[in-house]
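In the order they appear, the protein sequences are chains A and W. Sequential numbering from 0 applies to the first sequence in numbering that gives the first Met the number 0. Sequential numbering from 0 applies to the second sequence in numbering that gives the first Met the number 0. Positions of the beta carbon are idealized from the N, C-alpha and C atoms, including for glycine.
There are 2 protein chains.
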Amino acid sequence: MSSKPVGIKDVAAAAGVSVTTVSQVLNNVAYARVGAETRDRVRQAASRLGYGPNRLARALRTRRSGVIGVICEEIATVPDAGRVILGSDEAARRRGYNIMLISSVATGSDGPSESDVAELLDRKVDGVLYVASGRRALRLPTRLTGLPAVLVDADDVADTLPSVKPDRPGGVRLAVTALTDAGHTRVGMLNTSDEDPARQSTLHAFQDTLADDGLEFRGDLVQSGPSTAAGGYAAALRLLKLENPPTAVFCFNDAMAMGLYRAAAEMGLTIPGALSVVGFGNQEMIAGNLHPALTTVELPRYAMGARAAEHLIDAVEGTPGTRTARQAVLECTLVQRDSVGPVPLNRGVTPWA
Amino acid sequence: MSSKPVGIKDVAAAAGVSVTTVSQVLNNVAYARVGAETRDRVRQAASRLGYGPNRLARALRTRRSGVIGVICEEIATVPDAGRVILGSDEAARRRGYNIMLISSVATGSDGPSESDVAELLDRKVDGVLYVASGRRALRLPTRLTGLPAVLVDADDVADTLPSVKPDRPGGVRLAVTALTDAGHTRVGMLNTSDEDPARQSTLHAFQDTLADDGLEFRGDLVQSGPSTAAGGYAAALRLLKLENPPTAVFCFNDAMAMGLYRAAAEMGLTIPGALSVVGFGNQEMIAGNLHPALTTVELPRYAMGARAAEHLIDAVEGTPGTRTARQAVLECTLVQRDSVGPVPLNRGVTPWA
DNA sequence: ATGAAAGCGCTAACAG
DNA sequence: CTGTTAGCGCTTTCAT
Numbered sequence: 000m001s002s003k004p005v006g007i008k009d010v011a012a013a014a015g016v017s018v019t020t021v022s023q024v025l026n027n028v029a030y031a032r033v034g035a036e037t038r039d040r041v042r043q044a045a046s047r048l049g050y051g052p053n054r055l056a057r058a059l060r061t062r063r064s065g066v067i068g069v070i071c072e073e074i075a076t077v078p079d080a081g082r083v084i085l086g087s088d089e090a091a092r093r094r095g096y097n098i099m100l101i102s103s104v105a106t107g108s109d110g111p112s113e114s115d116v117a118e119l120l121d122r123k124v125d126g127v128l129y130v131a132s133g134r135r136a137l138r139l140p141t142r143l144t145g146l147p148a149v150l151v152d153a154d155d156v157a158d159t160l161p162s163v164k165p166d167r168p169g170g171v172r173l174a175v176t177a178l179t180d181a182g183h184t185r186v187g188m189l190n191t192s193d194e195d196p197a198r199q200s201t202l203h204a205f206q207d208t209l210a211d212d213g214l215e216f217r218g219d220l221v222q223s224g225p226s227t228a229a230g231g232y233a234a235a236l237r238l239l240k241l242e243n244p245p246t247a248v249f250c251f252n253d254a255m256a257m258g259l260y261r262a263a264a265e266m267g268l269t270i271p272g273a274l275s276v277v278g279f280g281n282q283e284m285i286a287g288n289l290h291p292a293l294t295t296v297e298l299p300r301y302a303m304g305a306r307a308a309e310h311l312i313d314a315v316e317g318t319p320g321t322r323t324a325r326q327a328v329l330e331c332t333l334v335q336r337d338s339v340g341p342v343p344l345n346r347g348v349t350p351w352a
Numbered sequence: 000m001s002s003k004p005v006g007i008k009d010v011a012a013a014a015g016v017s018v019t020t021v022s023q024v025l026n027n028v029a030y031a032r033v034g035a036e037t038r039d040r041v042r043q044a045a046s047r048l049g050y051g052p053n054r055l056a057r058a059l060r061t062r063r064s065g066v067i068g069v070i071c072e073e074i075a076t077v078p079d080a081g082r083v084i085l086g087s088d089e090a091a092r093r094r095g096y097n098i099m100l101i102s103s104v105a106t107g108s109d110g111p112s113e114s115d116v117a118e119l120l121d122r123k124v125d126g127v128l129y130v131a132s133g134r135r136a137l138r139l140p141t142r143l144t145g146l147p148a149v150l151v152d153a154d155d156v157a158d159t160l161p162s163v164k165p166d167r168p169g170g171v172r173l174a175v176t177a178l179t180d181a182g183h184t185r186v187g188m189l190n191t192s193d194e195d196p197a198r199q200s201t202l203h204a205f206q207d208t209l210a211d212d213g214l215e216f217r218g219d220l221v222q223s224g225p226s227t228a229a230g231g232y233a234a235a236l237r238l239l240k241l242e243n244p245p246t247a248v249f250c251f252n253d254a255m256a257m258g259l260y261r262a263a264a265e266m267g268l269t270i271p272g273a274l275s276v277v278g279f280g281n282q283e284m285i286a287g288n289l290h291p292a293l294t295t296v297e298l299p300r301y302a303m304g305a306r307a308a309e310h311l312i313d314a315v316e317g318t319p320g321t322r323t324a325r326q327a328v329l330e331c332t333l334v335q336r337d338s339v340g341p342v343p344l345n346r347g348v349t350p351w352a
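Here you go:
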């Protein structure tokens, strides 16, 4: 109630100079030629008064708000949406920007709605970050044209916007290799049967890794189901009841791995003694709480957010036309816990010994 | 690249009126007396040109930005932080506001840092929402004084700010009652042993509910451990190995319930056949994926965010001094799934029959 | 080496 | 009923 906002005039008065000088000193204007002693006086006055520039006024004048709009799909339901937001926020703030967050619902192949974008446009954001919930190709509002934008975990149909995504194939390679490195040669997979853009690519990466390791791919060793624990359980049962079941299983996600745990327990198979498993996604809630704790691969959510923000700000500040690399692909990491072990003695290359 | 931003002047020119008239029409200024025909002309021109007011300029002039700052602790690690943010965003946008998001780390009993608040102040937000990660009492930066603020799931030490929180005791009652309503009389509890503000209150609510249902409270029926699956497992083992174990268990959170599932499985106790369980928190990742699916109580995260935003905006727009109710307490809801059943035949009031 | 003044796009008195 | 004008707080030419 007490303190009225202190403006540039107050600082000028306190320092005994004009507002011009204050502005130039505080903004470190290159060509400004101000005496060293004056500079000090200004800076001291400013900090003594607790002066902070009114960013609204500055934005109006400079046509640069220092705000980036972040449109996030399904923020409430997507696991770890918070991580990418944290990444963008921290990267943005390091460069003097703040983020304006808009949550949206994902509808079909559409990207942000016209009205979401309109709000951001009216707020004069310097650029927009679109955080997708299901890595798919989307169509973008026409109004967005002209504003720098970058996509997180998605492409636009015109393939004209920069995007940053996780290296999913690399991630599955990490997962599968964790298994083969432990000596497993019969490795199975629990894939999703859902309509998911990652379904095919995950399977292919699985096959490729096997091939690179000189292992034969056997179609019956991949079973599918809905990507939930229940789906994983059912698929796992089919997998483990095979005449010649795998000694290790890679799962499409951690929830399916959770289902696999149950199937294994029911069949008296201990993990990792009789069966090794690795998941995907590193849902802490699942992976950290399963017993034994699940080895899985983590998507670089934080880095994706940070990198996207960096790209965006580069585009905002760079000469219009100096677009940087269109696509950034970030590495996943393997989170090693306790679900991978050596090949059980009575199983292995020669089945049922 | 093509369209230059259309301003109020363009609309005025297109409609053949002055900017004043445009402003008044578009803002529905009460006392403005403008002909109906003129209004139409203005509105049509505006929409034809795709005019949207420059919110920065408007804010500068009206001293109201229409932006609320949301400081969120631990956005990346707190489960469902996204839900409260979604709630505040949707509520805010319904009233023409947008949110500027700042993520912060939770440090001790401190609230938002001085610098986080300073950034928001410079941006001229109309108010701030502070979303805490661990419902504790916190100290607020002095600079915040004068700006409307509301706390989500926390109190300030001075107890001077409005806050909105979940009715945890009510939630516990819901959980325990689900058990007693099914006929259980020997109900146990898995409590956290962590330093957690909710530890005591959860226990008390448990006791109170039992008392209200005319049930005796027995200290040995509550076992504690770290609030993880591992902690829940260990505590559950102690509980179930009691000479006279409970037929139903209420858990501090869903992770501990997950541990209880494992303990029960190892001891050959089926859920809900031999043992009923209800969790707390509704972590979908756990509750929905356990088998059988876990009955648990859900915190009103979305509603908390929405309500907090409503409160805040009321305070922003209301006559300074017309503060509404200081505290809002929102109800939890029971999410019924498959982990609660009747009292097993061979157990019950008379133990070991 | 420093200051005066114009103006970013809008709203709100005040005139007509 | 509608138009003119003066700022909101800042940056930035242009004078001095």
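Would you mind giving the Cβ-Cβ distance between A/Asp166 and A/Val328, rounded to the nearest angstrom? I have them listed as a contact below 8 Å. Locating residue 166 of chain A in the first sequence gives position 167, where the first residue counts as 1. Locating residue 328 of chain A in the first sequence gives position 329, where the first residue counts as 1. About 5 Å; that satisfies the 8 Å criterion.
Just the chain W side, please: which residues come within less than 8 Å of A/Glu118 by C-beta, in chain order? In the first sequence, residue 118 of chain A corresponds to position 119, counting from 1. Those within 8 Å of A/Glu118 in chain W are Arg92, Asn97.
Report the three-state DSSP secondary structure of W/Phe205 (helix, strand or coil). Translated into the one-based positions of the second sequence, residue 205 of chain W becomes position 206. Three-state result, W/Phe205: helix.
Is W/Ala228 near W/Met257, with beta carbons less than 7 Å apart? The residue labelled residue 228 of chain W in the question sits at position 229 within the second sequence. The residue labelled residue 257 of chain W in the question sits at position 258 within the second sequence. Their beta carbons are under 7 Å apart, which means W/Ala228 touches W/Met257 by this criterion.
Once DSSP output is grouped into helix, strand and coil, what is the label at A/Tyr357? Past the boundaries of the shown model lies residue 357 of chain A; chain A is included only from 0 to 352, so the question cannot be answered.
Is the stretch 224–239 of chain A in contact with the stretch 183–193 of chain A, if contact means three or more CB pairs nearer than 8 Å? yes
DSSP state of A/Ser102 mapped onto helix, strand, coil: Locating residue 102 of chain A in the first sequence gives position 103, counting from the first residue. DSSP places A/Ser102 in strand when its eight states are reduced to three.
Helix, strand or coil for W/Gln326? Go by DSSP, reduced to three states. Reading the second sequence from its first residue, position 327 is the one you call residue 326 of chain W. Note: W/Gln326 maps to strand in three-state DSSP.
Please list, in chain order, the residues of the stretch 175–202 of chain A that have any C-beta partner in chain W closer than 7 Å. none
Straight-line Cα distance separating A/Thr144 from A/Gly337: Taking the first sequence and counting its residues from 1, one reaches residue 337 of chain A at position 338. Taking the first sequence and counting its residues from 1, one reaches residue 144 of chain A at position 145. According to the sequence shown, residue 337 of chain A is Asp rather than Gly. Rounded to the nearest angstrom, the two C-alpha atoms are 49 Å apart.
Assign A/Ala75 to one of three DSSP states: helix, strand, or coil. Sequence index remark: in the first sequence, residue 75 of chain A carries index 76 (1-based). DSSP places A/Ala75 in coil when its eight states are reduced to three.
Unbroken beta strand (DSSP E) run spanning A/Ala267, endpoints: The sequence position of residue 267 of chain A within the first sequence is 268, counting from 1. Inspection of the sequence shows that residue 267 of chain A is occupied by Gly rather than by Ala. Premise fails: A/Gly267 is in no beta strand (DSSP E) and is neither H nor E.
Name the chain W residues whose beta carbon is nearer than 9 Å to that of A/Gly317? For the purposes of this step, residue 317 of chain A is identified with residue 318 of the first sequence, where counting begins at 1. Neighbours of A/Gly317 on chain W: none; closest Cβ ~15 Å, over 9 Å.
Tell me which same chain residues have a C-beta within less than 7 Å of the C-beta of A/Gly49, skipping the five on either side of it? Within the first sequence, residue 49 of chain A is the residue found at index 50, counting from 1. The beta carbon of A/Gly49 sits closer than 7 Å to the beta carbons of Val5 from its chain, once the five residues preceding and following it are set aside; these are given in chain order.
Residue of A/Arg135, A/Glu72, A/Arg172, A/Pro140 minimising C-alpha distance to A/Thr208: For the purposes of this step, residue 208 of chain A is taken as residue 209 along the first sequence, with counting starting at 1. For A/Thr208, the nearest C-alpha among the options comes from A/Arg172.
Spatial distance of W/Arg62 from W/Val18 (CA atoms): By 1-based counting over the second sequence, the position of residue 62 of chain W is 63. By 1-based counting over the second sequence, the position of residue 18 of chain W is 19. Looking at the two C-alpha atoms, the distance is approximately 20 Å.
Quick check: W/Leu354 and W/Ala117, are their CB atoms within less than 7 Å of each other? Beyond the ends of chain W as shown, which are 0 and 352, falls residue 354 of chain W; an answer cannot be given.
8 Å contact criterion, which W/Tyr30 and W/Val66 should meet: CB distance rounded: The residue labelled residue 30 of chain W in the question sits at position 31 within the second sequence. The residue labelled residue 66 of chain W in the question sits at position 67 within the second sequence. Incorrect: roughly 27 Å between the Cβ atoms, too far for contact.
Give a yes or no on whether 7 Å exceeds the smallest Cβ distance from A/Asn288 to chain W. Counting from one through the first sequence, the residue named residue 288 of chain A turns up at place 289. Chain W, which has a Cβ nearer than 7 Å to the Cβ of A/Asn288, makes this yes.
How about W/Ser132 and W/Val77: are their beta carbons less than 7 Å apart? Residue numbering aside, residue 132 of chain W sits at position 133 when the second sequence is read from its first letter. Residue numbering aside, residue 77 of chain W sits at position 78 when the second sequence is read from its first letter. Yes, the pair counts as a contact, with Cβ atoms nearer than the cut-off.
Contacting residues, own chain, Cβ-Cβ under 6 Å from A/Val41 (five flanking each side not counted): Counting from one through the first sequence, the residue named residue 41 of chain A turns up at place 42. Cβ neighbours of A/Val41 beyond the five flanking positions: Ala14, Val21, Val24.
Got a sec: is the Cβ-Cβ distance from W/Pro350 to anything in chain A below 7 Å? The count along the second sequence starts at 1 and reaches residue 350 of chain W at position 351. Any reading at W/Pro350 must be qualified, since the residue scores a pLDDT of 44, below 50, and its modelled position is unreliable; the value itself is stated next. Answer no: the Cβ-Cβ gap between W/Pro350 and chain A never drops below 7 Å.
Where does the unbroken alpha helix (DSSP H) through W/Pro168 begin, and where does it stop? Taking the first residue of the second sequence as position 1, residue 168 of chain W is located at position 169. It spans 167–180 - the alpha helix (DSSP H) in which W/Pro168 sits, taken as one unbroken run.
Between A/Ser108, A/Thr176, A/Asp121, which has its C-alpha nearest A/Val334's C-alpha? As a working note, residue 334 of chain A is residue 335 in the first sequence. Considering only alpha carbons, the answer is A/Thr176.
Hey, is W/Lys164's beta-carbon within less than 7 Å of any beta-carbon in chain A? Mapped onto the second sequence, residue 164 of chain W falls at position 165. Judged by the 7 Å Cβ criterion, W/Lys164 is not in contact with chain A.
Between W/Tyr129, W/Asn26, W/Glu215, W/Ala80, which has its C-alpha nearest W/Leu160's C-alpha? Here residue 160 of chain W refers to the residue found at position 161 of the second sequence. Here the closest residue by C-alpha is W/Tyr129.
Identify the contact partners of W/Arg135 in chain A, using a Cβ-Cβ distance below 9 Å as the criterion. Position 136 of the second sequence holds residue 135 of chain W. The premise fails here: W/Arg135 is roughly 20 Å from chain A at the closest Cβ pair, so nothing lies under 9 Å.
A/Trp351 (DSSP reduced to helix, strand or coil): To locate residue 351 of chain A, count along the first sequence from 1; it is residue 352. Here A/Trp351 scores only 41 on pLDDT, less than 50, and its place in the model is too uncertain to base an answer on.
Nearest to W/Gln222 (by Cα), restricted to the options W/Cys71, W/Gly231, W/Leu146: As a first step, residue 222 of chain W is located in the second sequence; it is residue number 223 there, counting from the start. Answer by Cα proximity: W/Gly231.
Residues within the stretch 48–63 of chain W neighbouring chain A, beta-carbon criterion of under 7 Å: Near chain A, meaning a CB-to-CB distance below 7 Å, the residues of the stretch 48–63 of chain W are Gly51, Pro52, Asn53, Arg54, Leu55, Ala56, Ala58, Leu59.
Is DSSP giving W/Val353 helix, strand or coil here? Nothing about residue 353 of chain W can be reported from this structure: the residues present for chain W run from 0 to 352 only.
Which chain A residues are close to W/Pro78, counting only those with a beta carbon under 8 Å from its beta carbon? Here residue 78 of chain W refers to the residue found at position 79 of the second sequence. Here the neighbours are Met284.
Is the Cβ of W/Lys240 closer than 7 Å to any Cβ of chain A? Locating residue 240 of chain W in the second sequence gives position 241, where the first residue counts as 1. Taking Cβ atoms only, chain A never reaches closer than 7 Å to W/Lys240, which makes this a no.
Got a sec: which bits of the stretch 250–277 of chain W sit with their beta carbon under 9 Å from any beta carbon on chain A, in order along the chain? Asp253, Ala254, Met257, Gly258, Arg261, Ala264
CB W/Pro271 to CB W/Val339, shorter than 7 Å? The count along the second sequence starts at 1 and reaches residue 271 of chain W at position 272. The count along the second sequence starts at 1 and reaches residue 339 of chain W at position 340. Yes; because the gap between Cβ atoms is below 7 Å, this pair is in contact.
Chain W within 7 Å of A/Lys123, Cβ atoms only: As a working note, residue 123 of chain A is residue 124 in the first sequence. Look at A/Lys123: its C-beta is under 7 Å from a C-beta on chain W.
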